[in-house]
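Colleague: The structure's right below; bear with me while I get my questions together.
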Amino acid sequence: MSVLCWGRGAAGLRRALQPCGCPGLLAKEGILGGVCGPRRSSSASPQEQDQDRRKDWGHVELLEVLQARVRQLQAESVSEVVVNRVDVARLPERGSGDGGPQPPRKVQRGATGASPVPRSGWAQRLEKDKRIQRMHMQQLEVNLQMQVQSQSEELKVWPKHLQVEPRLLSKQLAVFLAPESSWEEQLPRVLQEAPRKLRLTVGRAPSTQAQLSGQQQKLLAFFKCCLLTNHLPLAHHLLVTHHSQQRKQKLLTLDMYNTVMLGWARQGAFRELVYVLLMVKDAGLTPDLLSYAAILQCMGRRGQDAGTIERCLKQMSQEGLKLQALFTAVPLSEEEQATVLKAVHKVKPTFSLPPRPPPAVNTSKLLRAVYAKDGPVSYPKLHLPLKTLQSLFEKQLCVELASKVCVVSVEKPALPSKEVTHARKTLQTLRDHWEKALCRVLQETKNHLEVEVHKGRFSLYPFLCLLDEREVVQMLLQVLQALPAQGESFTTLARELSARTFSRHVVQRRRLSGQVQALETYYRKYLHLLASDTKIGILKPHPAYVQLLETAAEPTLTFEAVDVPMLCPPLPWTSPHTGAFLLSPTKLMRTVEGATQHQELLETCPPTALHGALDALTQLGNCAWRVNGRVLDLVLQLFQAKGCPKLGVPAPASEAPQPAEAHVPQSAAPARKAELRRELARCQKLAREMHSLRAEALYRLSLAQHLRGRVFWLPHNMDFRGRTYPCPPHFNHLGSDVARALLEFAQGRPLGPHGLDWLKIHLVNLTGFKKREPLRKRLAFAEEVMDDILDSADQPMTGRKWWMGAEEPWQTLACCMEVANAVRCSDPAAYVSHLPVHQDGSCNGLQHYAALGRDSVGAASVNLEPSDVPQDVYSGVAAQVEVFRRQDAQRGTRVAQMLEGFITRKVVKQTVMTVVYGVTRYGGRLQIEKRLRELTDFPQEFVWEASHYLVRQVFKSLQEMFSGTRAIQHWLTESARLISHMGSVVEWVTPLGIPIIQPYRLEHKVKQVRGGIQSITYIHNGDISQKGLTFVSVHDCYWTHAADVAVMNQVCREQFVCLHSEPILEDLSRFLVSRFCPNPTPRKISQCWEASQLKETLQAVPKPGAFDLERVKHSTYFFS
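Counting in numbering that gives the first Met the number 0, the sequence shown runs from 0 upward without gaps.
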């Protein structure tokens, strides 16, 4: 039984997962060929082997077609030919995990008693092709066996000699390879030698990581990984072999030479260091600060004489490199800096490290009031005592050192039976076998890849050495257990495995290097502050394995440590590399896979410019949470039954709809076949979606059960636009209605005089019943339905179930329970509430656009202007579209007449909401089409035409209602288009100083950003934290305690006015002109015209309207 349906690229790993003795063609093919390195070679070239294999499988496919024709003829009772038996070697059926040939299948025999007739010519050819195919298969198996044997012999006899001495192309430098004096005396002379002149020097030293080619990035990563895994001789060997070949030498950069040189410096290997330095000169490169830091470090470790060091420092000075820069501009550890300083002191005993500059202060106008204050740094006090926080820190440290967390599954446990027991024993036996087989194959693969490096070829060998083989195999089996039945993208899984490997290696390295002890000291000081009173293919599991897993019904789930909320406050963000989890590495900015521009921007950004973002992320992560146990019990009750999709609790896969017929009958008419195939595809799609939703809910609820009764924290980072997100993906407050209802603040606050009113208003907001009513009417409605609220709290599953009719049913239920507890308290003002109360922006994207353009009409539509009742922009747009529809209907437009009575707020809401984020008319049409298809009484044959018509009217209505907004949007979009047309990637800086870049650059192509530049802003929570409030955000929805809603509302409005009082568009215009308008002017006429057009467009900032921003401070429904 095969376990995984791997593609040919991973056939070796699949072989390892097969029990011993199982026959199969691919069981003897390669080892981890497509996963961990190149496929092993044989007598034939890989291209020829691949062509032969494709030809063989092509023949099989042809034979399958002929075999199907045989079955068709038999079904139609063709009297001319009766085929008694056709045995054709078949390809594996869909879902079969065995890659080898299957036993021949028998097709239907002729009718009983029928006399055989002579076979026709095509039937004889079919039989002949079948025999030839069988011979090909047998020959292929023999070839594969010979290939494995030859490779095994190759591994045994391959010499382990590694090259140390380089072959230099410069005869002048080659004389240093046979020195007449010591290597120490040779060094100054080598440094004085001028680099070899190259014919083509352009592009030899890319300045940034993004400018490196794919091959260069792989090589640089190889050399760095060799240093991490103590394979420095192997790195030196590959460097020498590449340097010795002129074609490959062009791939080498100064960073690669420096990496190997730094490795030898750490070992004090002087001769090897000089060899690398000779290669640097021979490659036409000039040593930089890192090169000299490695040289001085090596001399410091060897106790070199002062004369050699002095000549080295003199040469360094002549090349314009400053000694102090070694300690400020070169990333060295404290121990390495001390070793370099030891060498320098032999020549300059009075030299001292440059003084540390005073702490830089953020200069953003928006944050000036926060960072200009003198005195100690203030943190919002946590509600837990110092001793408890220290205990929680120890628990979280143990979790991250283990790198994984085992959680009891909330899936309904299987009843003990012989079948379950046998399945679990079988599964454990298989896993034990797979673990041994994978370890063996992994070791063979590493041996083979090491040979590749010996031959001077790049391979993944050092990367496979980052973790020991047993841990790598356990990760593979862990991924296998979580693999969905419908399969997963092989690229996605490979990316996930590489991230896990890197994360675990970093944790191990920090533990071995003593960084854990330093972290303990650092974090304990931080806890004192917090506790003080201050302010390519699809990987698919075999169906038999899926069935075995289902039968075994194992009771535990395994998560990576970084996928689980933290048990102690997150590490404060202090740089793009430091923050969030204690040991596990976390990116400050999430990026598109493969994009490196964001990280480079963060690296080059002044540290003070990021202070606002770093502190905001730290404050968001410092909010302590707990699980709402009563809601969790009710959700689990439904989940362990058959789910309830209406309430957002997914049903199990067993409830998925089944097609009327499992297989398409061969005799069915073509129209019937097409209908059955569509029905089958629809059912399969629904089954996949249900499985995905069920798995997501299982992870969320299992983690909630695991954290029940505990306090936990959600560390935050941000995406490339500056939006904040919790790092743990499965259980956080950005999830669905169920996820949000399961969470409440760990720290409670008394409701105070107005808290109960805010709880009631929040409850009505969650129901969605009174969206357009003023606050007083919402409060009155809550009093009217108080009996239903109390009934929902007391009898959620057996009472009147009023809460189930709400827009957000589970959050409504949680709020009903909180209101019930408060009103039944003898003193409601003293009731300690843990429930988060939300204040949501009124189409916040349009609010920002209206404020940017001082658009009076638009401002009134999105509640920037004070009013007695809330304005609903979605209803306003729907009303305007209805006006246009009536006009067109009177003119006789058929689609306008068909839409009468169907233009509602819900139909246009999503399109209006996303227009400000750059949705196109095509995207808007798809959104409206989806809404129209949900209307059962709308004629479905008119959906396509109606969606085209409506999207035009929605855009036209927005142009009428938000003229200033559309002008700004057009300016941003046109600016982005011209910048992209000039060959650049659009980038800008937010008002808080965060550098942003659109991640749409391809290898040699720039994709035009049609969506324009988004208005990315932070609502700074510095004032909120200083006032002692608990605060978290879900993009444009802000949460706090009921008692503190009024304070949060005040700060929110003040910060919005402060933000838009700055000349944001003018500052953006100046930045874009300085960044993208070339100076001097290009020589080509076409480029000159494009540059002038770009500059003219960038400087044509739309004129603002007359709206007074101060009025926002008095708008009740700005956030409500």
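Glycine included, C-beta positions come from ideal geometry on N, C-alpha and C.
1) Tell me, please, which residues DSSP counts as bridged to asparagine 764.
2) If you draw a straight line from the alpha carbon of lysine 905 to that of valine 880, how long is it in whole angstroms?
3) I need the straight-line Cα distance from alanine 26 to lysine 435, nearest angstrom please.
4) Please classify glutamate 393 as buried or exposed, where buried requires at least 16 neighbouring CB atoms within 10 angstroms.
5) Considering only DSSP beta bridges, list what tryptophan 712 is partnered with.
6) Note down the Cα distance separating cysteine 4 from arginine 503, rounded to an integer number of angstroms.
7) In this structure, how does DSSP classify histidine 837 when only helix, strand and coil are distinguished?
8) Could you give the first and the last residue of the continuous beta strand (DSSP E) run that contains threonine 573?
9) Short of 6 Å in beta carbon distance, which residues of its chain neighbour glycine 1010, apart from the five on each side in sequence? Order them along the chain.
10) Among Met298, Gln636, Val942, whose alpha-carbon lies nearest the alpha-carbon of proline 187?
11) Put cysteine 604 into one of helix, strand or coil per three-state DSSP.
12) Would you kindly work out how many angstroms separate the C-alpha atoms of glutamine 214 and glutamate 599, rounded to a whole number?
13) Look at glutamate 1061 and leucine 609 and say whether their C-beta atoms are less than 8 Å apart.
14) In terms of DSSP beta bridges, what is isoleucine 902 paired with?
15) Along the chain, where does the alpha helix (DSSP H) that runs through phenylalanine 489 open and close?
16) For tryptophan 712, tell me which candidate among Asp718, Arg720, Glu743, Pro869 has the shortest Cα-Cα distance.
17) Return yes when the Cβ of leucine 284 is within less than 8 Å of the Cβ of phenylalanine 326, no when it is not.
18) Taking buried to mean at least 16 other C-beta atoms within 10 Å of its own C-beta, is glycine 840 buried or exposed?
19) By the DSSP assignment, the alpha helix (DSSP H) with leucine 921 in it spans what residues?
20) As a quick exercise: from Arg166, Gln477, Ala493, pick the residue whose alpha carbon is nearest that of threonine 555.
21) From threonine 585 to serine 1119, what does the alpha carbon distance come to, in whole angstroms?
22) Could you say if the segment 216 to 230 and the segment 459 to 472 meet the contact criterion of at least three C-beta pairs nearer than 8 Å?
23) Counting C-beta neighbours from all protein chains within 10 Å, is the total for phenylalanine 1106 16 or more, i.e. buried, or is it exposed?
24) Across which residues does DSSP place leucine 556 in a beta bridge pair?
25) Taking the straight line between their C-alpha atoms, what separation do you get for valine 861 and histidine 761?
26) Grab the span of the alpha helix (DSSP H) containing proline 808 for me, first residue to last.
27) Check this for me: beta carbons of leucine 566 and valine 506, under 8 Å apart or not?
28) List the endpoints of the continuous beta strand (DSSP E) containing serine 1032.
29) Between arginine 1069 and valine 1111, which are expected to be in contact by the criterion C-beta below 8 Å, what is the C-beta distance as a whole number of angstroms?
30) So if DSSP puts serine 832 in a beta bridge, which residue, or which two residues, is it bridged to?
31) What is the rounded straight-line gap between the Cα of valine 407 and the Cα of serine 832?
32) Just to confirm my understanding: we take alanine 888, look at its own chain, exclude 5 residues before and 5 after, and list those with CB closer than 7 Å. What are they?
33) Measure from the alpha carbon of proline 569 to the alpha carbon of each residue in Ala401, Pro727, Pro415, Leu758, then state which is nearest.
34) Could you say if the segment 678 to 694 and the segment 541 to 560 meet the contact criterion of at least three C-beta pairs nearer than 8 Å?
35) Identify, in the order they occur along the chain, each residue of the same chain with its Cβ nearer than 8 Å to the Cβ of alanine 623, setting aside the five sequence neighbours on each side.
36) Would you check if the distance between the CB atom of leucine 1120 and the CB atom of valine 279 is smaller than 8 Å?
Modeller: For this structure:
1) Stepping through the sequence shown from its first residue, residue 764 is reached at position 765. DSSP output for asparagine 764 lists no bridge partner at all.
2) Numbered from 1 along the sequence shown, position 906 holds the residue referred to as residue 905. Numbered from 1 along the sequence shown, position 881 holds the residue referred to as residue 880. Lysine 905 and valine 880: Cα-Cα distance of roughly 13 Å.
3) Walking along the sequence shown from the start, residue 26 turns up at place 27. Walking along the sequence shown from the start, residue 435 turns up at place 436. The pLDDT assigned to alanine 26 is 32, lower than 50, so where the model puts this residue is not dependable; a value taken from the coordinates is nonetheless given after this. Cα-Cα distance, rounded: 16 Å.
4) Position 394 of the sequence shown, counted from the start, is the residue given in the question as residue 393. Burial is judged here by how many other beta carbons sit within 10 angstroms of a residue's own beta carbon; glutamate 393 has fewer than 16 and is exposed.
5) Taking the sequence shown and counting its residues from 1, the one referred to as residue 712 is at position 713. Residue pairing for tryptophan 712: DSSP places it in a beta bridge opposite Met565, Ala623.
6) Here residue 4 refers to the residue found at position 5 of the sequence shown. Here residue 503 refers to the residue found at position 504 of the sequence shown. Confidence in cysteine 4 is poor, its pLDDT being 37 and thus under 50, which makes the residue's placement too unreliable to answer from.
7) The residue given as residue 837 occupies position 838 in the sequence shown. In this structure, histidine 837 counts as strand in the three-state DSSP scheme.
8) The residue given as residue 573 occupies position 574 in the sequence shown. That run of the beta strand (DSSP E) goes 570 to 574.
9) Mapped onto the sequence shown, residue 1010 falls at position 1011. Any reading at glycine 1010 needs caution, since the residue's pLDDT is 35, under 50, leaving its predicted position unreliable; the model's value is listed next. If we look at glycine 1010 and ignore the five residues flanking it on each side, its Cβ neighbours are Gly917.
10) The residue you call residue 187 lines up with position 188 of the sequence shown. Out of Met298, Gln636, Val942, Met298 has the C-alpha closest to the C-alpha of proline 187.
11) Within the sequence shown, residue 604 is the residue found at index 605, counting from 1. Correct three-state label for cysteine 604: coil.
12) For this step, residue 214 is matched to residue 215 along the sequence shown. For this step, residue 599 is matched to residue 600 along the sequence shown. About 19 Å.
13) Position 1062 of the sequence shown, counted from the first residue, corresponds to residue 1061. Position 610 of the sequence shown, counted from the first residue, corresponds to residue 609. It is not a contact, given that the beta carbons lie outside the stated cut-off.
14) Counting from 1 along the sequence shown, the entry for residue 902 is found at position 903. Note: isoleucine 902 sits in no beta bridge, so no partner.
15) In the sequence shown, the residue the question calls residue 489 occupies position 490. Phenylalanine 489 -> alpha helix (DSSP H) spans 489 to 511.
16) Within the sequence shown, numbered from 1, the residue matching residue 712 stands at position 713. Among Asp718, Arg720, Glu743, Pro869, the Cα nearest to that of tryptophan 712 belongs to Glu743.
17) Counting from one through the sequence shown, the residue named residue 326 turns up at place 327. Counting from one through the sequence shown, the residue named residue 284 turns up at place 285. Result no, Cβ atoms of phenylalanine 326 and leucine 284 do not sit closer than 8 Å.
18) Walking along the sequence shown from the start, residue 840 turns up at place 841. Per the 10 Å Cβ criterion, buried.
19) The residue labelled residue 921 in the question sits at position 922 within the sequence shown. A small fix is needed here, since residue 921 is tyrosine in this sequence, not leucine. In the DSSP assignment, tyrosine 921 falls within the unbroken alpha helix (DSSP H) covering 920 to 932.
20) To locate residue 555, count along the sequence shown from 1; it is residue 556. If we check each option's Cα against that of threonine 555, Gln477 comes out closest.
21) Within the sequence shown, the letter at position 586 stands for residue 585. Within the sequence shown, the letter at position 1120 stands for residue 1119. So the two alpha carbons sit approximately 34 Å from each other.
22) Contact holds between the segment 216 to 230 and the segment 459 to 472, because three or more Cβ pairs, one in each stretch, are under 8 Å apart.
23) For this step, residue 1106 is matched to residue 1107 along the sequence shown. So phenylalanine 1106 ends up on the buried side.
24) As a first step, residue 556 must be located in the sequence shown, where it is residue number 557. In DSSP, leucine 556 forms a bridge with Val406.
25) Here residue 861 corresponds to residue number 862 of the sequence shown, with the count starting at 1. Here residue 761 corresponds to residue number 762 of the sequence shown, with the count starting at 1. Roughly 20 Å separates the two Cα atoms.
26) If you number the sequence shown from 1, residue 808 lands on position 809. Proline 808 -> alpha helix (DSSP H) spans 808 to 822.
27) Start at 1 with the first residue of the sequence shown, and residue 566 comes out as number 567. Start at 1 with the first residue of the sequence shown, and residue 506 comes out as number 507. Their beta carbons are not under 8 Å apart, which means leucine 566 does not touch valine 506 by this criterion.
28) Taking the first residue of the sequence shown as position 1, residue 1032 is located at position 1033. It spans 1031 to 1033 - the beta strand (DSSP E) in which serine 1032 sits, taken as one unbroken run.
29) As a position in the sequence shown, residue 1069 is number 1070, starting the count at 1. As a position in the sequence shown, residue 1111 is number 1112, starting the count at 1. Actually they do not touch by this definition, with Cβ atoms about 26 Å apart.
30) For this step, residue 832 is matched to residue 833 along the sequence shown. In the DSSP output, where bridge partners are listed per residue, serine 832 has Arg748.
31) To locate residue 407, count along the sequence shown from 1; it is residue 408. To locate residue 832, count along the sequence shown from 1; it is residue 833. Taking the straight line from one Cα to the other gives about 30 Å.
32) In the sequence shown, the residue the question calls residue 888 occupies position 889. Cβ neighbours of alanine 888 beyond the five flanking positions: Ala895, Gln896, Glu899.
33) The residue labelled residue 569 in the question sits at position 570 within the sequence shown. Scanning Ala401, Pro727, Pro415, Leu758 for the CA closest to the CA of proline 569 turns up Pro727.
34) no
35) Looking up residue 623 in the sequence shown gives position 624. Around alanine 623: Leu381, His382, Leu383, Pro568, Val710, Phe711, Trp712, Phe744, Ala745, Gln746.
36) Since the first residue shown for the chain is 0 and the last is 1119, residue 1120 is missing from the structure and cannot be characterised.
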